[in-house]
Every structure is written in structure tokens, then in C-alpha cells.
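Every position in the sequence shown, counted from 1, becomes a number in this note's numbering once 982 is added.
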Amino acid sequence: MTPPASTGKCTGAGAGEVEEPLLPEFSGGGHGASVSGAVFNVSTSIIGAGIMSIPAAMRVLGVLPALLLIATVAALSDASVEFMLRYTGWDSGPPSYAGIMGDAFGRAGAKALNVCIAFTTTGTLVVYLIIIGDVLSGSAGAGDEHAGVLQELFGAQWWTARELVILVTAIVVLLPLVLRRRVDSLKFTSAVSILLAVVFVFINLGIAVYALFTGTAKMPRMLPDFSRLSSPFELFTAVPIVVVAFTFHFNVHPIRTELSKTSDMKAAVRISLVLCAAIYAAVGFFGFLLFGDATMADVLANFDRSSGAGVPQALNDAARLSYALHLVLVFPLLHFSLRVNVDELLFPGRRPLATDTRRFVALTAVLMAVLYALAIAIPSIWTLFEYSGSTFAVCISLIFPGAIVLRDAHGIAKTKDKALAATMIALAVITSSIAIASNVMSSISGKVEGGHAAGR
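This is the structure we're talking about:
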């Protein structure tokens, strides 16, 4: 298939250098969204539940390897998005990740992507609801009990029960947000969510400084402590956590489509990756500095317990509430991707979802009901979250973009592009296989390393 005439452009200074189809300035009927709005939406797509596991990943790896891993995954994410954008425009349909997968591998490739995105976003959104319930109402089980903010303030009341708290949050707060039909309409909530993530970083900084002055801070290790690991391969269990933290690729095309100039998407992605990598590094370092080897997979549990740091409870509550509100504002953006992909799986070939009010509302209501039911039925899904990072998330962020380049259905990939794509796939497969094997062995032996079982 050749690209439409409107999408093919020459690159470079010479007139004969036709390396790739550039993106049309107003592809898909852009709505005039700005670069800053795209940065907010991309950053919101990146920063989610993964941020609270970064301190635990730093505990496993040590500060320097963890920072190197964050930078490496961010760089690979930038490369994979660049691959995706390069192949956008060759497919005759609306620009989408599924479209370029279908163009390269047919309907089976598009469906495989839809399934991966549906599972990844479903798991992530259920995690969001569980965290919101834990923060507001508290959690109990497996020796990991802590009271929520509402229970701390008002005691155990019928209206502070987590089932009711999550239900009210889902209906009163989340439902009006997920019923928005355009991604760009969420740019203001996305901006507030990024602000809250920054607030969370500064609260971490404040708590860490307080702990330093009171002498309760733990000196963070720069390198791994192999004496705490049953095997060096357990270091690889931190890789899927960071991969999940940078999985945002399914929102690239919806955000790009609404830009005034779609060619600005590369810049928006790179700005967002630098911003989010800095936030991850700061949260990971301050969390590890404060809690040391007691850092749990859910660092919010540490804020509740304070791990003997003597931190005022007001600061702990501020950290938990700012993070919970951040997740509330991130929720609709991920739900947008979940809804679109489920619609493509269940109703292929139908008219666009946003133009079919009955289908849009019905699918939104069903998905919200399923997410709520899973959040109530499953007290903790950290095991699923870890395995999804080694499977579905790594496929979305690394393996599928690399495979598109290696398939090179239109002959536009350079030798260095194919070498980078092959390297991405090899690293993803090797590290994910080792991480899965290590998780399985840890589950069998009952060990608790890297914040696995006890931190859930």
C-alpha cells in the first residue's frame, strides 16, 4: 500500500530524499490542541500507579542502577514512539496504533494489540480504584493493615466502608470525567494531575528533609545488596515495574490527532518523557531515603506506617491524598483508551464510538461496573500487575513497535532503525523472561524480595 498523497513529504534538504511519510499538519481533523496540552496529556498517561513502586525498585537495584534503568526505558520509549509515528499515515484508516499494527501484520496484529491494551488498562484502572479505596477507607489483610484517611478522621463508620467509598467515587467523581468524548477536553484535569504529581514529589522531599534533621532517614544504597537476594536474577524483577511506568503508547495517536500541528507530537513526547523521568527519579530517591530497606511495593503503605521515621501524620495524609487525587484525574485518560480498544474488539467496522451516543454510554457504564466489581472482588492485584508488566505492557511499549520496524511493510526503515528495533525486542524478551521466572520461583519459595508478596 502506498501512502495517501497528502501524507507523503520529502525529508532532508535534497528534493530526492524521501525517507518516510511525515504526518499531515491537520490529520484526522485536529481540534487545535496546543503542545502544552499534549505534554500534559502524555505526562498524565505516563505517571500513574507505577510511580509508587519506583522506590521499591530502587531498593532492589540501588540508586545508580535504578536511575540508569529509568533513563534507559525512557529512551527506548522515545525510540518506540518515533517508530510508531513514522509509520502513521501509510494505513488508509484513521491514525491509530491498531491501524499501523494491522497494516504490518493484518487483522491478527491489530487484535493482538487491542487485547494487550485492554488487559493492561483494565489492570491499571483496577489498581487505581484499589489505591483510592486504600487511601480513603484503608485496607486489611496478609498482615498489611492500615487505616484510610476517612477512618482516621471519623472512625469506622458504615459510610467509610471501602465498597461504598469506591462506589461513590466511581459514580460522583469518575463517571462525569470518563463520559467526556474528546481527549483534549481532559487537558485541564491532566494539568492538575501533573501538578499533584509534582506536589507529591515535594511532599516526599519535605518528609525526607524532616527525617534527615531528626536522624531517622536511611542512607540509600548506591548499588544492589546481593546478600538480600536469593539470586542475582531477582534484579530483573524491577524491570517490568519501570516498563509499566512508561507504558503510554496507546494514547499517542488520540493525543496527536487533536494537535494543531501533528508534527509537534515528537517534541511533546520527549518533553513529557524528560519530565516524568525526573519525577520518577525524585520520588524513588526520596522514598528510598526515607524508608530504606523497609520500602514496600506500595510506598503509600509506608507513609501510613511512617516506618518509625517519626513523620507528622499530617504530612503522611497529604502525601496519600495528593496521590489519590492524582489517580482520580489520570483515570479518565486511561479509561478512554480502554473503551476505544474494547469497542474495536467487540464492534469492528462500526461508526466512530464518539458519534454513537447509545453505544458510547452503554460501553462506558459496563466498563465502569466491571472495574468496580474487580476492585471489590480482588483485594490486591500486585501479582497480576507485575506479570502484566512482563507481558502485555512490554509488548505494547517495546516489542510491537520494534516488530513494525522489522516487518517494514513499506521499505522506509534504515539499517540502524532495524538494528535498534531488534535490540529493543531482544532486551524486552530476555529481561521479561528472567523477571517472570524469578517471580514464579519467588512465589513458589514464598520469599519476599523487591516488595513482592508482603508489599501487596
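Built from N, CA and C at the ideal position, the CB exists for glycine as well.
Buried or exposed by the 16-neighbour rule on C-beta atoms within 10 Å, applied to residue i
i	result
Val1312	buried
Phe1170	exposed
Val1422	exposed
Gly1030	buried
Ser1027	buried
Phe1136	exposed
Thr1337	exposed
Pro1158	exposed
Ser1035	buried
Glu1240	buried
Ala1401	exposed
Thr1397	exposed
Ala1056	buried
Gly1081	buried
Ala1086	buried
Val1117	buried
Ala1355	exposed
Pro1383	buried
Ser1289	Bear in mind that a pLDDT of 46 at Ser1289, under 50, signals an unreliable position, so the model cannot answer this.
Leu1050	exposed
Proximity winner among the options, relative to residue i (alpha-carbon distances)
i	options	result
Val1411	Leu1257, Cys1377, Val1174	Cys1377
Val1154	Arg1302, Val1310, Pro1334	Val1310
Met1204	Gly1266, Ser1319, His1231	Gly1266
Phe1268	Ala1227, Leu1217, Val1183	Val1183
Gly1228	Ala1276, Gly1120, Leu1345, Ser1379	Rather than Gly, the amino acid found at residue 1228 in this sequence is Phe. Comparing Cα positions, the closest option is Ser1379.
His1317	Ile1176, Phe1273, Val1343	Val1343
Ala1375	Thr1103, Met1034, Gly1081	Thr1103
Thr1277	Ala1385, Pro1037, Ile1418	Pro1037
Arg1321	Leu1050, Asn1298, Asp1399, Arg1164	Arg1164
Tyr1192	Val1042, Leu1297, Val1348	Leu1297
Ala1300	Phe1101, Leu1409, Ile1185, Gly1393	Ile1185
Helix, strand or coil at residue i [DSSP, three-state]
i	result
Leu1241	strand
Gly1120	strand
Lys1248	helix
Lys1396	coil
Met1278	coil
Ser1040	The displayed chain sequence assigns Met, not Ser, to residue 1040. In this structure, Met1040 counts as helix in the three-state DSSP scheme.
Met1034	helix
Ala1138	coil
Asp1338	coil
Leu1051	helix
Arg1440	Absent from the structure is residue 1440, since the part of the chain shown begins at 983 and ends at 1438.
Asp1207	coil
Thr931	Past the boundaries of the shown model lies residue 931; the chain is included only from 983 to 1438, so the question cannot be answered.
Ile1099	helix
Met1083	helix
Ala1401	helix
Thr1196	helix
Gly1091	helix
Ser1078	coil
Arg953	Residue numbering for the chain in the displayed model covers 983 to 1438; residue 953 lies beyond these limits and cannot be assessed.
Asn1421	helix
Gly1331	coil
Ile1112	helix
Gly1371	helix
Ile1486	What the structure shows of the chain is the stretch from 983 to 1438, and residue 1486 is not part of that stretch, so it cannot be assessed.
Pro1202	coil
Ile1189	helix
Ile977	Summary: the structure shown does not reach residue 977, with the chain confined to residues 983 through 1438, and so no result is reported for it.
Ile1360	coil
Extent of the continuous alpha helix (DSSP H) run through residue i
i	result
Pro1383	1382 to 1389
His1317	1295 to 1328
Glu1145	1144 to 1150
Gly1019	1017 to 1028
Val1221	1220 to 1227
Rounded distance between the beta-carbons of residue j and residue i, thought under 8 Å
i	j	result
Ala1250	Val1024	6 Å
Tyr1079	His1235	6 Å
Gly1044	Pro1214	Not quite, the Cβ-Cβ distance comes to about 13 Å (not below 8 Å), so this is no contact.
Thr1244	Arg1252	At roughly 15 Å, the Cβ-Cβ gap does not stay under 8 Å, so Thr1244 and Arg1252 are not in contact.
Ile1223	Gly1105	Not really, about 13 Å apart at Cβ, beyond 8 Å.
Leu1111	Leu1353	6 Å
Val1147	Gly1115	6 Å
Leu1178	Ser1304	5 Å
Ala1143	Ser1119	6 Å
Phe1065	Ala1391	Between Ala1391 and Phe1065 the Cβ distance is about 13 Å, and since that is not below 8 Å, they are no contact.
Ala1385	Ala1259	Contact doesn't hold; Cβ gap of about 25 Å is too wide.
Ile1358	Phe1218	Not quite, the Cβ-Cβ distance comes to about 33 Å (not below 8 Å), so this is no contact.
Leu1272	Ile1189	6 Å
Pro1202	Phe1270	5 Å
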